[in-house]
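Chemist:
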Amino acid sequence: MKQIDEHGLEMPGDQIIQNPEFGKKILKKIHTISADLIHPVKLMHVCGTHEHTLAEYGLRSPNIIPKNVEIISGPGCPVCVCPAEDIDRAIELTKNQDIILTTFGDMIRVPSTHSSLSREKAKGADIRIVYGPADAIKIAQDNPNKEIVFFAIGFETTAPLLALELANNPPSNFTVLSAHKLIPPAMELMISLPDFKLDGFICPGHVATIIGMKPFIQFSEKHNFPNVIAGFEPNDMLLGIYILLTQIKNRETYAINEYTRVVRPQGNQVAQEFMKEVYGCTDSKWRGIGLIPNSGLELKEKYQQYDALKRFEIPLLNSQDIPKGCSCHLVLVGKKKPEQCPLFAKKCTPINPVGPCMVGNEGSCRISYMYRSRQ
Amino acid sequence: MCLAIPGKVMEINGPTAIVDFNGVQRDVVIGLCPNIEIGSYVVVHAGYAIEMVNEEEALKSISLWQEMIESEENFDQTNFF
Ligand code: SF4
Numbered sequence: 071m072k073q074i075d076e077h078g079l080e081m082p083g084d085q086i087i088q089n090p091e092f093g094k095k096i097l098k099k100i101h102t103i104s105a106d107l108i109h110p111v112k113l114m115h116v117c118g119t120h121e122h123t124l125a126e127y128g129l130r131s132p133n134i135i136p137k138n139v140e141i142i143s144g145p146g147c148p149v150c151v152c153p154a155e156d157i158d159r160a161i162e163l164t165k166n167q168d169i170i171l172t173t174f175g176d177m178i179r180v181p182s183t184h185s186s187l188s189r190e191k192a193k194g195a196d197i198r199i200v201y202g203p204a205d206a207i208k209i210a211q212d213n214p215n216k217e218i219v220f221f222a223i224g225f226e227t228t229a230p231l232l233a234l235e236l237a238n239n240p241p242s243n244f245t246v247l248s249a250h251k252l253i254p255p256a257m258e259l260m261i262s263l264p265d266f267k268l269d270g271f272i273c274p275g276h277v278a279t280i281i282g283m284k285p286f287i288q289f290s291e292k293h294n295f296p297n298v299i300a301g302f303e304p305n306d307m308l309l310g311i312y313i314l315l316t317q318i319k320n321r322e323t324y325a326i327n328e329y330t331r332v333v334r335p336q337g338n339q340v341a342q343e344f345m346k347e348v349y350g351c352t353d354s355k356w357r358g359i360g361l362i363p364n365s366g367l368e369l370k371e372k373y374q375q376y377d378a379l380k381r382f383e384i385p386l387l388n389s390q391d392i393p394k395g396c397s398c399h400l401v402l403v404g405k406k407k408p409e410q411c412p413l414f415a416k417k418c419t420p421i422n423p424v425g426p427c428m429v430g431n432e433g434s435c436r437i438s439y440m441y442r443s444r445q
Numbered sequence: 409m410c411l412a413i414p415g416k417v418m419e420i421n422g423p424t425a426i427v428d429f430n431g432v433q434r435d436v437v438i439g440l441c442p443n444i445e446i447g448s449y450v451v452v453h454a455g456y457a458i459e460m461v462n463e464e465e466a467l468k469s470i471s472l473w474q475e476m477i478e479s480e481e482n483f484d485q486t487n488f489f
């Protein structure tokens with residue numbers, strides 16, 4: 071089957087946004103303004119796709135971004151931040167012969183405490199990769215004598231897809247292991263970490279597509295902190311960096327939308343309504359980071375019949391997030407670069423991942439491994 | 409995971425639409441974007457349209473970015489509210 075190119079179709083405005091000459095001009099501006107900064111700055115993004123763009127185009131290389139501007143990666147990889155406990159629970163569920171477990175492809179190779187979904191699959195567990203919740207619903211319709219559990223991970227971009235399905239009477243043999251997480255509470259935690267001073271956030275464009283500008287504006291106002299919502303082309307990110315540097319230099323603290331071709335100020339209100347209908351907020355554990363208040367989504371009372379944890383009994387598990395020697399807990403909050411982990415590219419590789427960050431397309435260690443020569 | 413890609417709506421069939429991604433056509437769930445029309449650009453994530461591309465706004469703001477980058481002046485945030 072012909073694959074979809076990850077850039078999709080050309081959109082209005084792409085000719086400028088994708089023009090390398092425009093990128094060079096933005097860089098020139100970045101260099102001019104960075105010469106005026108009184109101290110080195112640290113910008114954090116919280117999105118695996120942003121990490122991908124930075125690495126693929128080598129934007130962190132010292133001959134591109136000035137030395138006094140550091141861009142670090144925050145906890146923006148949804149499969150990486152999914153705690154081992156949730157994966158262990160998913161594995162427990164697959165021991166029930168009636169259950170077909172469905173999840174996103176990136177999730178299945180993530181190491182949990184003693185195993186991974188792919189290892190269990192190799193041993194015979196019925197685990198199927200789906201492209202989205204609609205595929206999982208289809209499997210439930212096609213297998214009326216089986217129980218279909220959808221292991222739901224992802225941020226605000228992904229959560230409304232499942233909300234839409236749950237609000238539309240899914241088959242009764244369909245349940246959800248809900249591990250959705252929210253980005254703004256994680257940003258709150260990042261700026262409160264000790265020994266760690268951030269100067270600006272590059273916020274994820276597709277999270278903002280759903281939730282709109284308001285949560286980011288509130289964040290900026292509450293903490294006097296500059297944010298930019300950025301798209302995913304290299305020039306989007308360069309523009310985002312330039313916008314942040316200008317704010318830092320002028321001591322301004324706005325939330326600015328660079329990704330205007332997709333993000334509307336109010337976000338996708340239909341998606342927000344579905345989320346409100348189906349989910350409530352709850353404190354949630356992030357792998358290697360710990361509990362973040364109000365950062366997870368759980369099914370509301372009305373939808374409890376679709377909660378796999380209510381339908382099936384799962385024993386208490388003694389899960390361990392970070393394997394011995396792995397530095398993912400530091401990589402995930404930008405305190406360590408993947409190359410600084412002693413296991414990186416030695417014991418830990420994409421074929422033999424030790425920690426969660428070496429697995430999916432958005433894991434920082436895996437991305438660094440793929441683009442090692444461009445840093 | 410949060411990767412979402414743009415495509416063009418070719419046909420609408422109830423809860424789904426056929427969307428063209430540079431020559432590859434796929435069925436996409438449109439329940440989160442009920443107002444899409446044939447010919448509009450949508451951004452698609454995991455088989456679901458999550459937003460329509462704002463063509464007018466896109467062109468307007470991109471030309472503003474361009475102006476800002478090409479001018480000698482420094483960036484004025486107040487232009488972007
Ligand atoms: S290189 Fe491997 S072991 Fe080291 S932090 Fe990354 S995932 Fe963990």
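So the sequences go chain by chain: D and E. Plus 70 on top of the position in the first sequence (first one is 1) and you've got the working numbering. Plus 408 on top of the position in the second sequence (first one is 1) and you've got the working numbering. Think of the CB as a built atom: it goes at the ideal place given N, C-alpha and C, for glycine as much as any other residue.
#1: Return the chain-ordered list of same chain residues with a C-beta closer than 7 Å to the C-beta of Ile218/D, the five sequence neighbours on each side being excluded.
#2: Judging by CA-CA distance, which residue of Met428/D, Pro304/D, Thr323/D and Pro335/D is the nearest neighbour of Ile135/D?
#3: Against chain D, does Val437/E count as a neighbour if the rule is that its beta carbon must be under 8 Å from one of theirs?
#4: By DSSP's criteria, Met114/D is part of a beta bridge. Which residues make up the other side?
#5: Determine which residues of the segment 260 to 279 of chain D have a Cβ less than 7 Å from any Cβ of chain E, and write them out in chain order.
#6: Should Cys411/D be listed as close to the ligand SF4, given that the test is whether its C-beta is under 7 Å from any heavy atom?
#7: With a CB to CB cut of under 6 Å and the five nearest residues on each side skipped, what residues in its chain are close to Lys191/D?
#8: Taking a contact to mean a Cβ-Cβ separation below 8 Å, would you say Cys427/D touches Leu386/D in this structure?
#9: Enumerate in chain order the residues of its own chain whose CB-to-CB distance from Met177/D is below 8 Å, with the five nearest sequence positions on each side excluded.
#10: Which whole runs of the alpha helix (DSSP H) in the segment 270 to 319 of chain D are 4 residues long or more, in chain order?
#11: What first and last residue would you give for the alpha helix (DSSP H) that runs through Pro393/D?
#12: Nearer than 7 Å: is that true of the beta carbon of Met440/D relative to any heavy atom of the ligand SF4?
#13: Does the separation of the CB atoms of Pro230/D and Phe382/D fall below 8 Å?
#14: Kindly indicate the opening and closing residues of the beta strand (DSSP E) around Gly93/D.
#15: Going by alpha carbons, who is nearest to Ser469/E out of Gly83/D, Thr102/D and Leu314/D?
#16: For a contact meaning CB atoms closer than 7 Å, what does Lys137/D contact in chain E?
#17: Should Val429/D be flagged as near chain E, meaning a C-beta pair shorter than 8 Å?
#18: Given a threshold of 16 other Cβ atoms within 10 Å of its Cβ, counted over all protein chains shown, does Ile477/E qualify as buried or as exposed?
#19: Helix, strand or coil: how does DSSP classify Lys406/D here?
#20: Quick check on Leu367/D: does DSSP put it in helix, strand or coil?
#21: Say whether chain D places a C-beta atom closer than 8 Å to the C-beta of Ile477/E.
#22: Indicate the three-state DSSP secondary structure (helix, strand or coil) for Phe414/D in the structure shown.
#23: Quick check on Pro203/D: does DSSP put it in helix, strand or coil?
#24: Can you find a CB in chain D that lies within less than 8 Å of the CB of Val417/E?
#25: Return the bridge partner residues of Glu217/D from the DSSP annotation.
#26: Out of curiosity, what's the CA-to-CA distance linking Asn327/D and Asn166/D?
#27: How many whole angstroms separate the CB atoms of Val332/D and Val452/E, which I take to be in contact at a CB cut-off of 8 Å?
#28: Which residues share a DSSP beta bridge with Asn421/E?
Modeler: This is what the structure gives:
#1: Ile170, Thr172, Ala206, Ile209, Ala210, Asn243 and Phe244
#2: Pro304/D
#3: yes
#4: Ile142/D and Phe271/D
#5: Pro274, His276, Val277 and Thr279
#6: yes
#7: Ile197
#8: no
#9: Val149, Cys152, Ile157, Leu187, Phe221, Ile223 and Gly430
#10: 275 to 281, 284 to 293 and 304 to 319
#11: No alpha helix (DSSP H) contains Pro393/D, which DSSP labels as neither H nor E.
#12: no
#13: no
#14: No beta strand (DSSP E) contains Gly93/D, which is instead part of the alpha helix (DSSP H) from Pro90 to Ser104.
#15: Gly83/D
#16: Here the premise fails: no neighbours, minimum Cβ distance about 21 Å.
#17: no
#18: buried
#19: coil
#20: strand
#21: yes
#22: strand
#23: helix
#24: no
#25: Ile169/D
#26: 47 Å
#27: Not a contact, Cβ separation roughly 11 Å.
#28: Thr424/E
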